[in-house]
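**Student:** Can you read through this structure? Questions will come right after.
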Amino acid sequence: MEEGRILAIDYGEVRMGLAISDPLRIFAFPLTVIDLKKNVDFIKTIQDIIKEKEVKRIIIGYPLKMDGSEGIQTEKVKGFVEELKGKINIDIEMVDERLTTTVAQRALTDIGIGQKKQRGIIDKIAAAKLLETYLELNKGK
5 MEEGRILAID
15 YGEVRMGLAI
25 SDPLRIFAFP
35 LTVIDLKKNV
45 DFIKTIQDII
55 KEKEVKRIII
65 GYPLKMDGSE
75 GIQTEKVKGF
85 VEELKGKINI
95 DIEMVDERLT
105 TTVAQRALTD
115 IGIGQKKQRG
125 IIDKIAAAKL
135 LETYLELNKG
145 K
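With our numbering applied, the sequence shown corresponds to residues 5 to 145, in that order.
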């Protein structure tokens with residue numbers, strides 16, 4: 005597998021969770037949550053993170069339904085990806101994100117974090133789970 009950090013994005017209409025890998029692409033770390041209602045220039049925020057962290061690739065959660073079909077949210081993510089591609093000159097890959105939020109919620113509940121506190125961090129944990137799975141599936145490639 006090539007080297008360089010990967011930025012994972014869990015896109016939502018209200019919040020966007022971000023996670024990042026280490027340069028060797030072994031570990032996934034929750035990074036931040038962007039509140040889209042407060043941060044109208046979120047593309048600039050992503051560009052700043054890419055520059056600061058020297059990101060070489062972006063993966064974005066592709067929200068398929070459990071049966072594998074696309075839904076309304078899938079179209080919104082595709083639109084976001086097209087907007088991002090027009091402003092960022094690195095590889096962007098959409099990755100199946102089914103169950104990442106559920107797994108993240110379960111992990112936070114298991115360590116005693118209640119639903120109210122989860123709201124502020126669940127998106128970056130889901131992004132980290134997405135990235136963790138991606139790194140595992142692409143290990144050695």
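Virtual Cβ for every residue (Gly too), placed ideally from N, Cα, C. Keep in mind that this is a model prediction, so the values were computed, not measured.
So the beta strand (DSSP E) residue 95 belongs to, where does it begin and stop?
**Tutor:** The sequence position of residue 95 within the sequence shown is 91, counting from 1. 95-100 is the span of the beta strand (DSSP E), which, as asked, contains residue 95.
**Student:** Expressed to the nearest angstrom, what Euclidean distance is found between the alpha-carbon atoms of residue 54 and residue 29?
**Tutor:** For the purposes of this step, residue 54 is taken as the residue at position 50 of the sequence shown. For the purposes of this step, residue 29 is taken as the residue at position 25 of the sequence shown. Their Cα atoms are separated by approximately 15 Å.
**Student:** Would you mind working out which of 80, 131 and 59 sits nearest residue 92, comparing C-alpha positions?
**Tutor:** Numbered from 1 along the sequence shown, position 88 holds the residue referred to as residue 92. Measuring from the Cα of residue 92, the nearest candidate turns out to be 59.
**Student:** Using a Cβ-Cβ cut-off of 7 Å (strictly less than) and excluding sequence neighbours within five positions of residue 77, which residues of its own chain qualify?
**Tutor:** Locating residue 77 in the sequence shown gives position 73, counting from the first residue. For residue 77, where only same-chain residues beyond five positions count, the Cβ hits under 7 Å are 67.
**Student:** Within the continuous beta strand (DSSP E) that includes residue 39, where are the two ends?
**Tutor:** Position 35 of the sequence shown, counted from the first residue, corresponds to residue 39. Note, residue 39: beta strand (DSSP E), 32-39.
**Student:** Check residue 80 in the structure and name its three-state DSSP category.
**Tutor:** To locate residue 80, count along the sequence shown from 1; it is residue 76. Helix.
**Student:** Counting Cβ pairs closer than 8 Å, one from the region 126-135 and one from the region 81-95, do we hit at least three?
**Tutor:** Contact fails: fewer than three Cβ-Cβ distances are below 8 Å.
**Student:** Residue 134 lies in the alpha helix (DSSP H); which residues open and close that run?
**Tutor:** Here the question's residue 134 lines up with position 130 in the sequence shown. Unbroken alpha helix (DSSP H) run through residue 134: 126-141.
**Student:** Hey, how far is the Cα of residue 48 from the Cα of residue 88?
**Tutor:** What you label residue 48 is simply residue 44 of the sequence shown in a count that begins at 1. What you label residue 88 is simply residue 84 of the sequence shown in a count that begins at 1. Taking the straight line joining both Cα atoms gives about 10 Å.
**Student:** Assuming residue 7 and residue 27 make a contact with CB atoms under 8 Å, what is their CB distance in whole Å?
**Tutor:** Within the sequence shown, numbered from 1, the residue matching residue 7 stands at position 3. Within the sequence shown, numbered from 1, the residue matching residue 27 stands at position 23. Confirmed, about 6 Å.
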